[in-house]
Each structure stands twice: as C-alpha cells, then as structure tokens.
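Just remember that this note's numbering sits 658 ahead of the position in the sequence shown, which is counted from 1.
The beta carbon of each residue, even a glycine, is placed where N, CA and C say it ideally should be.
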Amino acid sequence: NPGTGTVNLTSSIGSIALPNEVFTISAEVQSFVEGTNKNITIGFVQTRGNNDKFSFNPTQIDGIDLDGSGNSGVINFQVTAPLPWGNHTLTIDVLEGSEAKGDSTSFRWLSASVNIIVGIPSVLGAPIVDNVTKSIGNNTLELGESLSIQIDAIDNETSVDRVLLGFEGANHSLFNSIGNTYIYHNLTPTTPSTAIEGTPFVIFAFDTENKMNGAGGFIKVADTIDPNYSNYSQSSDTVEAGDTIDISLVATDYAGIKGVTITFDSTGPHQMGFIGSDTWSYELRAPNEGGQLDYTITIEDNSGNTVTEDYSVQVTGGITTGAGDAKAMIFLLGSVTAVLVISLIGIALKKKKHFF
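Pasting the structure below:
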C-alpha cells in the first residue's frame, strides 16, 4: 500500500457463505494520513480479486469522509454470494480522490481482503446427498431446450422434508420420484453460459428439523441458433420517387433480440425502431431517381447470432438513367432551343440590313 493507514473488514457471516446468500461486509478506514479531512472513494473494484463473482446492492463503490486523524465511520456493503462453490477473495480499495471511477485505472492508496468460502457447511444429522445426475450428461444444452436433474437424498435420523434446486436466481422444488431419488423435469435455461465450465446450479436437501445439506454442479448452455423472423412486409412493391415505404417485421429469439438494422444505397446500417410485440419498423424514403432500390435487413440476437435478408422495391417517376432518359431529353431540348435562338438572331440581323 502506498498510503499510510489500514482498512478493517468484517463479514456478517464470518468466512462461510451459502450459495446466493446475502450478507454484509463492513469497512472502516483507520489512520489514513494522506486522506485526513477529505472525502475518499472506497469499494470493490470489479477487476480485483474475485469481486466479479459477487453482486453488490445498491453499490460496490461509495464515498466517505475522513476526520483529522484519517479515520472514517463504518461503511456497509450488501453483498450476494455467487452460486458456484469455492474459496473466493473479496478485495476492497481506498481510491484516489472523491471522483475516482472505481475501475482498474484508479490509483489505490490502501487495500484489504477477506476470504469467503461459498458452500454448504457440514451439519451433524443433516440429509446425505449423492448421485447428482443430469439428463444431458456433460453435453452442451442448446438455449431453449430443457433437461432433467435428479439427486439421491436420505436422512438416517428423521426424514427428508424438501429438496430445492437453485438455478439462475430462482428456486425449484424437486419431487420424490422413487425411493430416495428426487427429480426436477423440464428445467429450461433462459440465458447462455458465460463461464467455460457452464452455468452453476445447487441442490439443497432439508430434513424435518430443517437441517440442510447440498450439492452443486454446472450446466453448459450455448446459443448457436439464428434469430427467427416472420410477418415481413413493405407497404408497396412499387413506390413513386421521393415517397416513403413502411417496412416492418417480427423478430424473436430465446436469448432476446439485440437489434434490427437496415442498409440501403450503400449507407447504414440504420437502426429499425422497436414498436412492441416483437415488431420492428422503419420508414424508408425512396430516392429521387427511378429504378430498383435494394436494401438489406440484419437481425441480431443477444448472443451475437445474426440473420440477413435482401429485399428491393421499384421506384417509378423521377429522373431515370440510361439512353433516352430524362437527362438526355433535357440536353436535347436545350440543344434545340440554342439552335433556334441562334437562327432567330440570324434572321433578325438579316432584316436589319434593309434599314441601311
């Protein structure tokens, strides 16, 4: 630490947190000489330690005033533990100035860390869990598809009361299918996995005395399917030069639609507007020149998959191109007019000779 002083950290749950458990980390700055009588920035920079595995509410970076001795009051951060089990390090930093961004470029005066073990502590007499099985094995699940998960749970002292599956921030109840086996059918992930190992899940088994045990694992979820679109329409296949064409379509995808763009006349892409009910629209103005107007629509989902389609509309009227077109006619009429004017001037000059 380049600064003089310390940061004391205290966890409301000690060093062990349940998956998805909400707890409080309290921080207190002491004897920070360089920050006396100043407002400082303190918090959990996303790129430090394992901070990115935890979520913070309402903030992970905050400001606090120091007194003449460089001491602060206690500042509390509400933290939610990650779902994957493991030993994680939370690192807090005192950053440069009250306007510090709280990113990796911020100068760090003081730092402190606390280790949080995420898992389920061993409880005497809790249910025994074993044989976590996924219907897809270790294969990757395509987004939009479903799987089944089952586990064996037994309690030798009382009996198993309930078994819950935690996945994507929601809890699901497993049912006792046969003997000591509990199963959940048709679990459908809503987002692709962002980690290489997959999206984590955890299963909790409670007995009638509310003692708990559990096990966890990962589900690999990928989105490799292009977006779907339907109900494409353009207001007309033929349009007068300078008029507008209304274009719309319906786009859907399990991962959600990131955006729909349109490119025409070598310009763009231009964002099409979302008008609700999965519908996107664009009002395209036809050019002043006649001919065929080609345009391309690109649909992108939130996983980066795209689908592209080419369309065209016939523009009538206006100025067209090619032999015998309007420009040629204008040039021809201009030439005839010029010749006619010159001829009239010649006639006038000849008539003037009679007056001399």
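Using CA coordinates, which residue listed in the options is at the minimum distance from residue i?
i	options	result
Glu699	Asn666, Thr705, Gly795, Ile733	The identity of residue 699 in the sequence shown is Thr, whereas the question assumes Glu. Among Asn666, Thr705, Gly795, Ile733, the Cα nearest to that of Thr699 belongs to Ile733.
Pro660	Ser851, Asn946, Ser769, Gly914	Ser769
Ser935	Asp911, Gln929, Ala944, Pro927	Asp911
Phe833	Phe876, Pro742, Glu867, Ile861	Ile861
Val772	Gln808, Leu667, Arg943, Ile671	Leu667
Phe735	Gly744, Phe712, Gly726, Gly872	Phe712
Leu801	Trp767, Val781, Ile877, Ile778	Ile877
Tyr842	Lys792, Ala873, Glu958	Lys792
Asp723	Leu753, Thr717, Trp743	Leu753
Val737	Gln718, Val781, Gly728	Gln718
Asn729	Gly701, Ala685, Phe714	Ala685
Ser669	Thr974, Asn797, Ile775, Leu845	Ile775
Asn946	Gln972, Trp938, Val781	Gln972
Asn697	Asp720, Ile683, Ile809, Val703	Asp720
Gly948	Leu907, Ser970, Lys916	Ser970
Gly976	Glu898, Ala828, Glu803	Glu898
Ile674	Leu741, Gln704, Ser727	Leu741
Phe690	Thr896, Val965, Thr964, Gly731	Gly731
Val879	His830, Asn796, Ala873	Asn796
Gln808	Gly962, Val790, Lys869, Gln688	Val790
Is residue i helix, strand or coil by DSSP?
i	result
Glu815	coil
Gly693	helix
Gly975	coil
Thr798	coil
Leu676	coil
Ser804	coil
Ser670	coil
Thr664	strand
Asn838	coil
Pro858	strand
Glu898	strand
Asp881	coil
Leu822	strand
Glu867	coil
Ser891	strand
Leu845	strand
Ala853	coil
Ser793	coil
Gly701	strand
Gly875	strand
Gly982	Its pLDDT being 35, under 50, Gly982 is placed unreliably by the model, and the measurement read from it follows with that caveat. DSSP places Gly982 in coil when its eight states are reduced to three.
Counting C-beta neighbours from all protein chains within 10 Å, is the total for residue i 16 or more, i.e. buried, or is it exposed?
i	result
His746	buried
Ala853	exposed
Glu941	exposed
Pro847	buried
Ile750	buried
Gly1048	Limits of the chain in this structure are 659 at one end and 1014 at the other, which puts residue 1048 out of reach.
Ile836	exposed
Glu967	exposed
Ser894	exposed
Ser851	buried
Asp865	buried
Asp725	exposed
Gly672	exposed
Pro716	exposed
Gln929	exposed
Pro779	exposed
Glu958	buried
Val918	buried
Gly744	exposed
Gly931	exposed
Gly663	buried
Phe765	exposed
Say whether chain B places a C-beta atom closer than 8 angstroms to the C-beta of residue i.
i	result
Glu958	Of the chains in the structure shown, none is chain B; there is only one protein chain.
Checklist entry - What are the uninterrupted segments assigned as alpha helix (DSSP H) that are 4 or more residues long and contained completely in the region 703 to 790, given in chain order? => result For the region 703 to 790, not one full-length alpha helix (DSSP H) segment reaches 4 residues or more.
Next on the checklist: Between the region 845 to 860 and the region 898 to 909, can you find at least three pairs of beta-carbon atoms closer than 8 angstroms?
Outcome noted: Contact between the region 898 to 909 and the region 845 to 860 is absent, because fewer than three Cβ pairs lie under 8 angstroms.
Next on the checklist: Please give me, in chain order, every unbroken run of the beta strand (DSSP E) with length at least 3 that falls completely inside the region 901 to 967.
Outcome noted: Runs of the beta strand (DSSP E) inside the region 901 to 967: 902 to 910, 915 to 922, 925 to 929, 931 to 934, 937 to 943, 949 to 959.
Item to check | Segment contact, 8 angstroms Cβ cut-off, at least three pairs: the region 813 to 822 with the region 770 to 788 | outcome: The answer is yes - the region 770 to 788 touches the region 813 to 822, with three or more Cβ pairs under 8 angstroms.
Checklist entry - Contact between the region 814 to 829 and the region 883 to 899: three or more CB pairs below 8 angstroms? => result Counting C-beta pairs with one atom in each stretch, the region 814 to 829 and the region 883 to 899 have fewer than three that are closer than 8 angstroms, which means they do not touch.
Item to check | Three-pair Cβ contact test at 8 angstroms for the region 949 to 966 versus the region 921 to 935 | outcome: Contact holds: three or more Cβ-Cβ distances are below 8 angstroms.
Next on the checklist: Does the region 671 to 682 come into contact with the region 696 to 711, if we say contact requires no fewer than three beta-carbon pairs (one atom in each stretch) closer than 8 angstroms?
Outcome noted: The region 671 to 682 is not in contact with the region 696 to 711.
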